[in-house]
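Chains as they are written, first to last, in the numbering used here: chain E, 1 to 386; chain A, 1001 to 1370.
Cβ atoms here follow ideal geometry from the backbone N, Cα and C, with glycine treated the same way.
Below is one structure, written out as structure tokens; the observations come after it.
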Amino acid sequence: MNLDFTREEQEFQQSIRDWMQTNVPDDIKRCSAVGEMTGKELQQKWERLLGGQGWLALTWPEQYGGPGWTATQRYIFDLERAMAGAPPTSPFGVAMVGPVLYTFGSQEQKDRWLPGIVSGGTLWCQGYSEPNAGSDLASLKTRAERKEDHYLVNGQKIWTTQAHWADMMFCLVRTDSTVKQQKGISFLLIDMKTPGIEVRPIYSIDGHHHLNEVYFTDVRVPLENLVGQEGMGWTIAKFLLTHERTTIAGVADSHHEISRLKKAVAEAPGFLDKSQARQRIAELEIELMALEYTNFRTVAATDEGKPFGPESSGLKIKGTELQQKVSQAMVELGGMMSLTWDNPETVGSDVFNRATRRYNFLRACTIYGGSNEIQKNVLAKMLLGL
Amino acid sequence: MEFNLPENTTLIADTARRYLKDNYSFEIYRQHIEQQNHVDASRWLAMQELGWFGLPFAESSGGFGGTLLDVAMVVRELGAALCLDPYVDMVVAPGKLLEYIGSDASLAMLSDVIDGRAKLACALYDYHAGYQVLTPSMKLNGKRLSGQKNFVPDGGFADTLLTTALADGELVVLAVPVAACETTRHRALDGGRIANMLFDEVEITDGMILARGKKAEQALSMLLAYLQALDCARMYGAAGALYQRTLEYAKTRKQFGVAIGSFQIIQHYLVDMFIDLQQLESMLLMVAVKAESEDASRRERASTAAKAYYADKAVRIAQQAIQIHGGVGVTEELDIGHYFRLVTHCSLTHGDRAHHINRFAGLDEVHPGE
């Protein structure tokens, strides 16, 4: 039993912290200090910077461009990244389609797509949900008909985050409607510039445009863009769920948000009840500690080569609940200062003035990636065997 | 980091579990809560023979050099078995206080604890000072000790108290015969025995003063962190037992022709309990490693966070266990409600949730991961 980072890990932590201090661009730091979203340009600038360092595809095997770090090092990196005010990297390329490609893809597919993900050059989006296939994903209807030298894709995806930024989409499509639902699904890579694709924005309650509807009308996708075999789509989608979950709890970003909140409380005008605020923050910090040590157990198990234990199953649920609680505390402690939406000048505190943006945005975190209720159904099946 | 229990610790925990399975039961517990004196002599001797009396203390103090983690695993099993034998209150707590004081006189008393000859209890709290252990309301004026101690977990048979008072504003730790106090004993929430002790001009000799000033404060603050960690261990044992029993019940109890565990709301309640239990386990490992640190800020950060967290989540598990059991969950006949009382009890000893939240809010900032 040892609950401290080793000397080498501490040195690693310090070196990452130093690097972040010098290299996180000032415009990103400014955004994060007040709680604004980084747009496409800044996000891509940041990801390309990391890509240049070889620090983007952190979980990948070295042969495909991973840095060869342990799970503990990746955890430390994420912590220092967040504490420096830098945003998390977009998951669709590095955390999702990348591992699918190096696990199930052909040599040609790996050669063609992996380098763009490792460097941060290609942006991906995920075509999973449909208007009538949300939590019940296997009922999806977007069709891909096999023709002579291409698939003809027709249908609609929804809630597609960053589809308006993306160069490529990895997409679940139905290639066979005569077999059991799960068996008829395939995994296709679709170039977003292909004729017949229409991306329509969905504005969310934080006032931003993250989400989209994507319509496919007779979209021709080359046959070589099928990953694995026809009918393997569901297996691949499930594989992604078992891929590394050591940062799913969002511990690093919760640390950063709590530290922003503390700073805001310390600097807030006199009407805020600071002793009450500090107690509320203490409650959040203690919950974060419990989450963090549970996360550490998953990280340590990963480094020992053990499979994920049941302790990791709750990380998504607890992690997202805590993110919501922290953002709610920020709004409520801000009180009247949180009433502003697009004020050009600071009223009391920038942090509190923009607090509802993140609070509103994070209402989605218990829904995306498999709603927390679905996660509980899955866990219950495991526990109860009913 | 590495979270695997050392082999020896696993062995200690397994032995404790087996011993309690063979020698303790809910029936024995139920007889016990009705009794004045809590200790069955043969079980007390057996615990000593298992090595538990020497376990918490360094070899240089005559103990077996166990870690807090080792002791926590024994206490976890005691909690899981609903065992009321006052091992923590009458061996670990007074023994650690004596060890942390570390004088010749206190170490001599400690050897009596390890040998099983001493009948000691710690009398640290009174209802005026509350959880502020370093500023008790009892006063030592010259050679006279006056005041009171409440909630003293004396097992119903302690003959000597390790207690605290202020002498001209300075904290002192004393060893006082129970016979010198006016004592009223009663049953505590968890079914154990606690007492009110009235000290009316009790004459104190120099030999009865074990420590004073900074030394006394340091020993007490180290003791408290240790005991807070053990509160968590006991609650973990109880919460784990509650979860297991409730899961089993949900699988077997039928209503509307099906197991109640087939209902989604019950499933989600159980998943919530499971996830909280996982996090409680993480916090137990954390506090059991850190709460005996020499570094005061590391120790306090760990013990105060763990205790605040347990007072919230372990209590919630206990409440939900009753809810899922339905009517039978609130009866004396079933162990569920007794575990519930045990968890509530431990959530209130050595600082309740509000106390610890407040204390945590006053601690210094640390960088994440440090």
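Given this structure, state the Cα-to-Cα distance separating residue i from residue j, to the nearest angstrom.
| i | j | result |
| --- | --- | --- |
| E/I117 | E/G93 | 6 Å |
| A/D1335 | A/F1026 | 7 Å |
| E/K318 | E/Q375 | 11 Å |
| A/L1342 | E/G305 | 38 Å |
| A/A1308 | E/L241 | 33 Å |
| A/I1260 | A/Y1249 | 8 Å |
| E/F77 | A/D1295 | 27 Å |
| A/E1007 | A/T1015 | 12 Å |
| A/N1141 | A/R1185 | 27 Å |
| A/A1311 | A/L1242 | 16 Å |
| E/D388 | E/D26 | Outside the displayed range of chain E (1 to 386) lies residue 388 of chain E, so it cannot be described from this structure. |
| A/L1005 | A/H1325 | 33 Å |
| A/V1315 | A/V1287 | 18 Å |
| E/S313 | A/H1268 | 14 Å |
| A/H1350 | E/L383 | 34 Å |
| E/K45 | A/M1073 | 51 Å |
| E/Q107 | A/S1303 | 53 Å |
| E/G120 | E/L50 | 8 Å |
| E/C31 | E/G250 | 19 Å |
| E/T59 | E/I248 | 13 Å |
| E/Y102 | A/E1002 | 30 Å |
| A/K1313 | A/I1194 | 26 Å |
Give every residue of the same chain whose Cβ lies closer than 6 Å to the Cβ of residue i, excluding the five residues on either side of it in the sequence, and list them in chain order.
| i | result |
| --- | --- |
| E/R357 | D206 |
| E/L339 | none |
| A/G1054 | G1063, F1064 and I1114 |
| E/Y203 | H209 |
| E/K40 | W165 |
| A/H1355 | Y1131 |
| E/P222 | H150 |
| E/I367 | none |
Using the beta-carbon count (16 or more within 10 Å), is residue i buried or exposed?
| i | result |
| --- | --- |
| A/S1061 | buried |
| A/G1327 | exposed |
| A/Y1127 | exposed |
| E/S177 | exposed |
| E/R174 | buried |
| A/F1256 | exposed |
| A/G1130 | exposed |
| E/V347 | exposed |
| E/N2 | exposed |
| E/D316 | Reading off the sequence shown, one finds Lys at residue 316 of chain E, where the question assumed Asp. That one is buried. |
| A/P1153 | buried |
Beta strand (DSSP E) containing residue i: first to last residue?
| i | result |
| --- | --- |
| A/K1149 | R1144 to V1152 |
| E/G127 | W124 to G127 |
| E/K157 | H150 to I158 |
| E/P222 | H209 to P222 |
| A/H1338 | Not the beta strand (DSSP E): A/H1338 falls in the alpha helix (DSSP H), residues D1335 to L1348. |
| E/M168 | M168 to R174 |
| E/F187 | I185 to D191 |
| E/I197 | I197 to Y203 |
| A/R1185 | E1182 to R1187 |
| A/A1167 | T1160 to A1167 |
Just to confirm the assignment, what range does the alpha helix (DSSP H) spanning residue i have?
| i | result |
| --- | --- |
| A/L1171 | Counting along the chain, A/L1171 falls outside any alpha helix (DSSP H), though it belongs to the beta strand (DSSP E) covering E1170 to P1177. |
| E/K262 | V251 to E267 |
| A/H1032 | F1026 to H1032 |
| A/H1325 | A1296 to H1325 |
| A/H1128 | No alpha helix (DSSP H) contains A/H1128, which DSSP labels as neither H nor E. |
| A/I1357 | R1353 to A1361 |
| E/L241 | G233 to T242 |
| A/N1037 | Here A/N1037 belongs to no alpha helix (DSSP H), and DSSP marks it neither H nor E. |
| A/E1365 | From DSSP, A/E1365 is part of no alpha helix (DSSP H); its letter is neither H nor E. |
Can you list, in chain order, the residues of its chain with a C-beta nearer than 8 Å to that of residue i? Leave out the 5 residues immediately preceding and following it.
| i | result |
| --- | --- |
| A/G1237 | V1075, R1076, E1077, L1078, G1079, A1080 and A1081 |
| E/T72 | F5, E9, V299, A300 and D303 |
| E/M192 | C125, A163, A166, D167, M168, M169 and V199 |
| A/T1331 | G1337 |
Using a Cβ-Cβ cutoff of less than 7 Å, which residues in the same chain neighbour residue i once the five nearest sequence positions on both sides are dropped?
| i | result |
| --- | --- |
| E/E80 | Q13, I16, R17 and M20 |
| E/R354 | V34, G35 and E36 |
| E/G105 | V227 |
Subject >> Start-end ranges of the alpha helix (DSSP H) lying completely within the segment 40-88 of chain E, minimum 4 residues >> reply: 40-53 and 71-83
Original post:
What are the uninterrupted segments assigned as alpha helix (DSSP H) that are 4 or more residues long and contained completely in the segment 1196-1275 of chain A, given in chain order?
Top reply: 1213-1252
Subject >> 3-residue-minimum beta strand (DSSP E) runs that sit fully inside the segment 95-124 of chain E, ordered along the chain >> reply: none
Original post:
Which residue spans inside the segment 1053-1123 of chain A form an unbroken alpha helix (DSSP H) run of at least 4?
Top reply: As far as the segment 1053-1123 of chain A is concerned, its whole alpha helix (DSSP H) runs of at least 4 residues are 1068-1080, 1093-1101 and 1104-1115.
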